[in-house]
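Trainee:
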Amino acid sequence: MSGTMAGTGSFRCDQCGYILTLSGGDTLVDCPSCGGKAFSRASLFSSPRFPREQKAREMSPEQLAAWLTEARAQLQAPGDYLAYADGDSTLTVALQQEWTRVGRSLAADVRLDDPTVSRRHALIVRQDDGVRVLDDRSLNGIFVNGKRVEWSVLKDGDEIVVGRYRMHFLEHAGKPAPPPQAGAPLQAAG
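Each number in my numbering comes from the position in the sequence shown (counting from 1) with 51 added on.
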């Protein structure tokens with residue numbers, strides 16, 4: 052059924068169980084989780100709605116520094132990025148538009164399919180005077196460096212919590228960042 056008009060409803064990937072929710076004119080795409088092309092109609096009553104639910108991974112300061120170094124190593128071109136862990140993968144998303152939508156909706160630029168994330172959860176706004184994150188009327192709110200905010204100007208390394216996801220705003224100037232010195236304390240942003 053991949054690529055055909057599917058109609059309104061929920062569809063489960065036959066390979067991994069990932070759930071896609073479509074409305075009216077949406078097209079059924081390949082599974083974002085495993086790339087599968089076979090789907091069946093899903094029932095909200097026969098199985099869990101969000102099978103991949105898990106809590107945000109807590110990291111020690113040393114683990115966070117190592118993870119941020121790994122995320123920065125993935126950055127190719129100069130610019131602004133969001134980096135976050137999804138399971139064992141580190142994902143980086145280039146912020147190339149003036150407005151980047153973050154949420155559970157199929158229309159989101161950064162799509163996070165998890166019940167702790169609202170359909171329209173947050174907006175990342177890039178303008179000449181800086182980059183900001185805005186709460187887009189989410190149920191669970193957004194947190195920047197541990198503080199709940201309606202909006203906040205972002206600086207390199209800032210942590211943004213959206214549902215269970217801990218995202219980090221990264222600025223890449225095109226040259227490799229110096230490795231952190233062993234035993235050096237981490238500076239808290241904010």
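Cβ coordinates follow ideal geometry from the N, Cα and C atoms, glycine included.
If you're wondering where the values come from, they're calculated on a predicted model, not measured in any experiment.
Please return the same chain residues whose Cβ sits closer than 7 Å to the Cβ of residue 159, not counting the five positions on each side in sequence.
Mentor: Answer for residue 159: 152 and 153, listed in chain order.
Trainee: Rounded to a whole number of angstroms, what is the C-alpha to C-alpha distance between residue 147 and residue 129?
Mentor: In a straight line, the C-alpha of residue 147 is about 11 Å away from that of residue 129.
Trainee: Let me know the secondary structure DSSP gives residue 119 once reduced to three states.
Mentor: If DSSP states are grouped into helix, strand and coil, residue 119 belongs with the helices.
Trainee: Using beta-carbon positions only, say whether residue 171 and residue 202 come within less than 8 Å of one another.
Mentor: It is not a contact, given that the beta carbons lie outside the stated cut-off.
Trainee: For residue 214, which of 224, 206 and 195 has the nearest alpha-carbon?
Mentor: When each option's Cα is compared against that of residue 214, the closest is 195.
Trainee: Output the distance between the C-alpha atoms of residue 186 and residue 204, rounded to the nearest integer angstrom.
Mentor: Distance between the alpha carbons of residue 186 and residue 204 is about 12 Å.
Trainee: Once DSSP output is grouped into helix, strand and coil, what is the label at residue 113?
Mentor: It is helical.
Trainee: Locate the beta strand (DSSP E) running through residue 134, then write down its first and last residues.
Mentor: Run containing residue 134: 130-137, per the beta strand (DSSP E) assignment.
Trainee: When you compare each of 165, 91, 219 and 83 to residue 191 by their alpha carbons, which one comes out closest?
Mentor: Answer by Cα proximity: 165.
Trainee: Leaving out five residues on either side along the sequence, give the residues of the same chain with a beta carbon under 7 Å from the beta carbon of residue 72.
Mentor: Same-chain partners within the cutoff: 61.
Trainee: Nearest-angstrom Cα distance between residue 89 and residue 79?
Mentor: Near 10 Å, if we compare the C-alpha coordinates of residue 79 and residue 89.
Trainee: Report all residues from its chain with a CB closer than 8 Å to the CB of residue 65; omit the five preceding and five following residues, and keep chain order.
Mentor: Cβ neighbours of residue 65 beyond the five flanking positions: 87, 89, 90 and 91.
Trainee: So for residue 124, helix, strand or coil by DSSP?
Mentor: The answer is helix: DSSP assigns residue 124 an H, G or I state.
Trainee: Might you give, ordered along the chain, the residues of its own chain that have their beta carbon closer than 8 Å to the beta carbon of residue 163, omitting 5 neighbours on each side?
Mentor: Cβ neighbours of residue 163 beyond the five flanking positions: 153, 154, 155, 172, 213, 214 and 216.
Trainee: Tell me, to the nearest whole angstrom, how far the beta carbon of residue 178 is from that of residue 149; I am working on the premise that it is less than 8 Å.
Mentor: At roughly 7 Å, the Cβ-Cβ gap stays under 8 Å, so residue 178 and residue 149 are in contact.
Trainee: Skipping 5 residues on each side, what residues in its chain have a beta carbon closer than 8 Å to that of residue 143?
Mentor: 122, 125, 126, 132, 133, 134 and 221, listed in sequence order.
Trainee: What is the DSSP secondary structure of residue 198, reduced to helix, strand or coil?
Mentor: Of the three classes helix, strand and coil, the one that applies to residue 198 here is strand, per DSSP.
Trainee: DSSP three-state call for residue 173: helix, strand or coil?
Mentor: Three-state DSSP puts residue 173 in a strand.
Trainee: Ordered along the chain, which non-local residues of its own chain (more than five positions away) have a Cβ less than 6 Å from that of residue 67?
Mentor: So the qualifying residues of the chain are 84 and 85.
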